[in-house]
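S.K.:
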Amino acid sequence: MSESQKDAEIFKYYDELLLQENQKLLEQRIPMVNRIFENIDLIVSKGTLVRGWNTTITQNGTELITICQFYQLEINGTTLNATKVTIISSDGTVIQDPYIMIRKTDLIHWSGYWQLVTYYVPVWTIFGLIWAPVTELWWIPVPIL
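Residue 149 is where the sequence shown ends in my numbering, and the numbering goes up by one at each step.
#1: State the Cα-Cα distance for the pair E67 and W57, rounded to the nearest angstrom.
#2: In whole angstroms, what separates the C-alpha of L29 from that of C72?
#3: Where L22 and E7 are concerned, what is the direct C-alpha to C-alpha distance, given to the nearest angstrom?
#4: When the Cα of V146 is compared with those of T87, H113, V138, which residue comes out closest?
#5: Can you tell me whether K10 is buried or exposed? The criterion is at least 16 other CB atoms within 10 Å of its CB, across all chains shown.
#6: Need the endpoints of the beta strand (DSSP E) that T129 sits in, please.
#7: What residue range is occupied by the uninterrupted beta strand (DSSP E) comprising S93?
#8: When you compare only the Cα positions, how much space is there between N64 and G116?
#9: May I ask which residues mark the beginning and end of the beta strand (DSSP E) holding E7?
#10: For L46, list the residues DSSP reports as bridge partners.
#11: Closer than 6 Å by C-beta to G51: which residues in its own chain qualify, once you throw out the five before and the five after it? Chain order, please.
#12: What three-state label does DSSP hand N26 in the structure shown?
#13: Please tell me whether V121 and W142 are closer than 7 Å, where the distance is taken between their beta carbons.
#14: Would you kindly work out how many angstroms separate the C-alpha atoms of D95 and D19, rounded to a whole number?
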């Protein structure tokens, strides 16, 4: 770049355009993230606590307690799930209380097709070992999301 002033100028314009593109993408993502957090509050406040469990782990000689809570809420036939994990140290200090993870259960329809598959198997005959072809009709499942 130091040898060609023209190339340095083109790279400078490219860098500026890339920065503008990244800023636009960030502006588009912020409303989506805000909607996800609104859904999380809705799931926790209106949903039901389906399951809760505690586990104890030891990391670097420190005993940690994890409290997991699984919430569900059905809206217009769509089930929204949220799992909240809280990590507490042995003295009762909350180390990590992250945002809840949200999942939407998608509709999956299984379809498939029939396919002839040929493979070879070893068979002992009076002439010795031969490889005989075997053809089978297999059902190949295909998920459609």
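In this text, a Cβ means the ideal position worked out from N, Cα and C, and glycines have one as well.
From a predicted model like this one, the values you see are computed outputs, not experimental measurements.
M.R.: A quick look at the data gives this:
#1: A direct Cα-Cα distance of roughly 17 Å separates E67 from W57.
#2: So the alpha carbons of these two residues sit roughly 33 Å apart.
#3: It is roughly 23 Å from the alpha-carbon of L22 to the alpha-carbon of E7.
#4: Of all alpha-carbon atoms in T87, H113, V138, the one lying nearest the alpha-carbon of V146 is that of H113.
#5: It counts as exposed.
#6: 113–129 is the extent of the beta strand (DSSP E) around T129.
#7: S93: member of the beta strand (DSSP E) spanning 82–93, first to last residue.
#8: Rounded to whole angstroms, the separation of the alpha carbons of G116 and N64 is 49 Å.
#9: Boundaries for E7: no beta strand (DSSP E) harbours it, and the DSSP string shows neither H nor E there.
#10: The partner list for L46 (beta bridge, DSSP) is empty, contrary to what the question assumes.
#11: The answer, listed in chain order, is Y75, Q76, L77.
#12: Per DSSP, reduced to three states, the secondary structure at N26 is helical.
#13: Between V121 and W142, the CB-CB gap stays under 7 Å.
#14: Near 50 Å, if we compare the C-alpha coordinates of D19 and D95.
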